[in-house]
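Participant:
2 protein chains.
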Amino acid sequence: MQNKPLILITNDDSIHAKGLRKLIKLMRKYGDVAVISSEQVMSGMSHAVTIKTPLMPRLIHEETGFREFLTNGTPVDNVKLGKNALLERKPDLVVSGINHGSNAAINIVYSGTMAAAMEAAIDGIPSIGFSLDDYDLEADFSHVDPFVETITEKVLRDGLPEGVCLNVNIPKKSHVPVKGIKVVRQAKARWVEAFDQRVDPFGRTYYWIGGNFVNGDPRPDTDEKALADNYVAVVPVQLDFTATQLLKNLEF
Amino acid sequence: MQNKPLILITNDDSIHAKGLRKLIKLMRKYGDVAVISSEQVMSGMSHAVTIKTPLMPRLIHEETGFREFLTNGTPVDNVKLGKNALLERKPDLVVSGINHGSNAAINIVYSGTMAAAMEAAIDGIPSIGFSLDDYDLEADFSHVDPFVETITEKVLRDGLPEGVCLNVNIPKKSHVPVKGIKVVRQAKARWVEAFDQRVDPFGRTYYWIGGNFVNGDPRPDTDEKALADNYVAVVPVQLDFTATQLLKNLEF
Chain V
1 MQNKPLILIT NDDSIHAKGL RKLIKLMRKY GDVAVISSEQ VMSGMSHAVT
51 IKTPLMPRLI HEETGFREFL TNGTPVDNVK LGKNALLERK PDLVVSGINH
101 GSNAAINIVY SGTMAAAMEA AIDGIPSIGF SLDDYDLEAD FSHVDPFVET
151 ITEKVLRDGL PEGVCLNVNI PKKSHVPVKG IKVVRQAKAR WVEAFDQRVD
201 PFGRTYYWIG GNFVNGDPRP DTDEKALADN YVAVVPVQLD FTATQLLKNL
251 EF
Chain Y
1001 MQNKPLILIT NDDSIHAKGL RKLIKLMRKY GDVAVISSEQ VMSGMSHAVT
1051 IKTPLMPRLI HEETGFREFL TNGTPVDNVK LGKNALLERK PDLVVSGINH
1101 GSNAAINIVY SGTMAAAMEA AIDGIPSIGF SLDDYDLEAD FSHVDPFVET
1151 ITEKVLRDGL PEGVCLNVNI PKKSHVPVKG IKVVRQAKAR WVEAFDQRVD
1201 PFGRTYYWIG GNFVNGDPRP DTDEKALADN YVAVVPVQLD FTATQLLKNL
1251 EF
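Just so you know, the sequences run in chain order V and Y.
The numbering of the first sequence is this note's numbering, which starts it at 1 and goes up by one.
The numbering of the second sequence is this note's numbering, which starts it at 1001 and goes up by one.
(1) Short check: CB of residue 1080 of chain Y to CB of residue 1090 of chain Y, under 8 Å?
(2) Report the partner residues of residue 1211 of chain Y according to the DSSP bridge assignment.
(3) Tell me which residue opens and which closes the beta strand (DSSP E) that residue 1097 of chain Y is part of.
(4) In angstroms, rounded to a whole number, what distance separates the CA positions of residue 1139 of chain Y and residue 1131 of chain Y?
(5) How would you list, in chain order, the residues of chain V whose beta-carbon sits under 7 Å from the beta-carbon of residue 1107 of chain Y?
(6) Please list the segments of the alpha helix (DSSP H) lying wholly inside the segment 106-169 of chain V, counting only runs of 4 or more residues, in order along the chain.
(7) For residue 104 of chain V, does the three-state DSSP call read helix, strand or coil?
(8) So for residue 1223 of chain Y, helix, strand or coil by DSSP?
(9) Please classify residue 1001 of chain Y as buried or exposed, where buried requires at least 16 neighbouring CB atoms within 10 angstroms.
(10) Under a CB-based cut-off of 8 Å, is residue 1001 of chain Y close to chain V?
(11) In whole angstroms, give me the CA-to-CA distance for residue 1117 of chain Y and residue 64 of chain V.
(12) Any beta-carbon of chain Y closer than 8 Å to the one on residue 100 of chain V?
(13) Going along the chain, which residues of its own chain have a beta-carbon closer than 7 Å to the beta-carbon of residue 1113 of chain Y, five neighbours each way excluded?
(14) In three-state terms, what does DSSP make of residue 237 of chain V?
(15) Which residues, in order along the segment 41-62 of chain V, keep a beta-carbon less than 8 Å from a beta-carbon of chain Y?
(16) Can you find a CB in chain V that lies within less than 8 Å of the CB of residue 1113 of chain Y?
(17) Below 8 Å between beta carbons is the criterion; list the residues of the segment 150-175 of chain V that meet it against any residue of chain Y, in chain order.
(18) Counting only the same chain and skipping the five closest in sequence on each side, list residues whose C-beta sits under 7 Å from that of residue 1215 of chain Y.
(19) Would residue 46 of chain V and residue 109 of chain V qualify as a contact pair, given that the criterion is a beta-carbon distance under 8 Å?
(20) Note down the Cα distance separating residue 1248 of chain Y from residue 165 of chain V, rounded to an integer number of angstroms.
(21) Is residue 1074 of chain Y helix, strand or coil when you go by DSSP?
(22) In the DSSP assignment, find the alpha helix (DSSP H) that holds residue 18 of chain V and state where it starts and stops.
(23) Quick one: which chain Y residues come within Cβ less than 7 Å of residue 122 of chain V?
(24) Return yes when the Cβ of residue 1120 of chain Y is within less than 8 Å of the Cβ of residue 236 of chain V, no when it is not.
(25) Can you name the residues of chain V whose CB is closer than 8 Å to the CB of residue 1207 of chain Y?
(26) With DSSP as the reference, label residue 1178 of chain Y as helix, strand or coil.
(27) Report the residues of the segment 226-250 of chain V with a CB closer than 7 Å to any CB of chain Y, ordered along the chain.
(28) Between which residues of its own chain and residue 122 of chain V is the CB-CB distance below 8 Å, once the five residues before and five after are set aside?
(29) Counting only C-beta atoms, is residue 219 of chain V closer than 8 Å to chain Y at any point?
(30) Which residues does DSSP pair with residue 51 of chain V in a beta bridge?
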């Protein structure tokens, strides 16, 4: 690490998101900040990468210790662009968010915010995805500072094991103060979809995705339980999909 | 299950892919087949879902025991559309592929083919993603039949544990016969990107993603090792990202 850490910030709610602005403000005291974010909202883009078309990033703002690049890519593209093309060296830390909406439980699979953090982890860069349990575009982020700071400072100081990043979900602002931070596991919860079937002005049927989030996981140490109890939920995340418990029992 | 299983087939190489046609041919002997695939190539789309725009599936072919729907969605959209909107009941099996190109090791994270299989697993539907270790659009699939059949028949007969699907990678066709099937773990391998920097006809810089696949995993029981040894690699896959080994050691 140089004197000052180089921190890459991205998100999936576009460069205009309130949560991104909050994260920029909090990170600038820790080092030189480069923002690489998308002109369009990239929610639900998961780990998508742009293969078929070129990427055209544009430097839209520059001052001492701070740069902002606007791109036509996905959150994962933005991390790849940062470490391979736009930045003069590999960042010391990648932070993604603060997402408008929870990425706890199965939401991590669909999330562009968390995919960006995981992409950094694949490349050995310590990374954190931050999300607020509030989908509102005008969500209140005024209570998040001490939690974002505590977690960021620890990761800057101690690093993270190789291939691991953090999925941090912060309770929605309420009249009750957040109780603290809990290290927990990903809850087994899922979305039960209900497509809204409609007819377009030309008489063609179309569908719009909708659904309800259902948590049936009774375990006491999950991210959903921590959020419900008004704690910040931190899940250490790795990208090994192997169901290791089956390696010995499955035969063909 | 009814008398005949209902099998949903999708992929990420579009409805025109040779690998999809192969899979359709192999699956029709096991039950009623519904294909839901995309008009555009969806490689690298990972677990992306379409939230901002509507989905407009179209029934383009129908005969006894066989239907094909064309969509403007991602592979995960296609599975969601199938189980929630287009099919009369939940499928008994979802198969995805056969992908043109390996989805072993870290490729699973970027793959639309595997995301479709995982989406089915989230919903408790037994599912298998099949991939051939050959990116060629005209790849030779003539050797895959016995392996696809053995694995499919076992899953139809025995099911899979809840939340688990299979990531099946088949060696490229060569003069040496494939040696058999191995149940293995996801290798720790990754892509080292090199963006190709170019200038467009209007003088603007753009980047096109490229890179090399690097496998530094020396373990003898990985998918990459099995493929290298000319075995079909089967990884049982689950969607729990928790780095459980860290739950006890991480504190804030």
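The beta-carbon is built from N, C-alpha and C at its ideal position, and this holds for glycine as well.
Keep in mind that this is a model prediction, so the values were computed, not measured.
Facilitator: With the structure as the only source:
(1) No, they are not a contact pair.
(2) According to DSSP, residue 1211 of chain Y bridges with Y:1193.
(3) Segment 1093-1100, the beta strand (DSSP E) holding residue 1097 of chain Y.
(4) Their backbone Cα atoms lie some 11 Å apart in a straight line.
(5) The contacting residues do not exist; residue 1107 of chain Y stays about 11 Å from chain V at best.
(6) For the segment 106-169 of chain V, whole alpha helix (DSSP H) runs of length 4 or above, ordered along the chain, are 107-110, 112-122, 145-158.
(7) Reduced to three states, the DSSP call for residue 104 of chain V is coil.
(8) Residue 1223 of chain Y falls in the helix class under three-state DSSP.
(9) Here the model assigns residue 1001 of chain Y a pLDDT of 47, short of 50, so the residue's position is not dependable, and the following value carries that caveat. Exposed: under 16 other Cβ atoms inside 10 Å.
(10) Interpretation of residue 1001 of chain Y is limited by its pLDDT of 47, a score under 50 that renders its predicted location unreliable; no figure is taken from the coordinates.
(11) Taking the Cα positions, residue 1117 of chain Y is about 47 Å away from residue 64 of chain V.
(12) Judged by the 8 Å Cβ criterion, residue 100 of chain V is not in contact with chain Y.
(13) For residue 1113 of chain Y, where only same-chain residues beyond five positions count, the Cβ hits under 7 Å are 1011, 1012, 1075, 1096, 1097, 1099, 1103, 1129, 1131.
(14) DSSP places residue 237 of chain V in the strand class (E or B) of the three-state scheme.
(15) Interface annotation for the segment 41-62 of chain V against chain Y: 41, 43, 44, 45, 46, 47, 48, 49, 50, 51, 52, 54, 55, 56, 57, criterion Cβ-Cβ distance under 8 Å.
(16) Under the 8 Å criterion on CB atoms, residue 1113 of chain Y is classed as non-interfacial with respect to chain V.
(17) Contacts with chain Y (Cβ-Cβ distance below 8 Å) from the segment 150-175 of chain V involve 150, 151, 154, 161, 163, 164, 167, listed in chain order.
(18) Cβ neighbours of residue 1215 of chain Y beyond the five flanking positions: 1105, 1187, 1189, 1224.
(19) Yes, Cβ-Cβ distance for residue 46 of chain V and residue 109 of chain V is below 8 Å.
(20) Their backbone Cα atoms lie some 16 Å apart in a straight line.
(21) Taken through DSSP and simplified to helix, strand or coil, residue 1074 of chain Y comes out as coil.
(22) Its alpha helix (DSSP H) spans residues 18-27.
(23) Residues of chain Y with a Cβ closer than 7 Å to the Cβ of residue 122 of chain V are, in chain order, 1106, 1190.
(24) Contact flag unset, no.
(25) Ordered by position in chain V, the residues that pass the 8 Å Cβ test against residue 1207 of chain Y are 54, 55, 56, 57, 81, 85.
(26) Correct three-state label for residue 1178 of chain Y: coil.
(27) Result list: 234, 235, 236, 237, 238, 239, 240, 241, 242, 243, 244, 246, 247, 250.
(28) Excluding positions up to five away in sequence, the list reads 163, 239.
(29) Judged by the 8 Å Cβ criterion, residue 219 of chain V is not in contact with chain Y.
(30) As computed with DSSP, residue 51 of chain V is found in no beta bridge at all.
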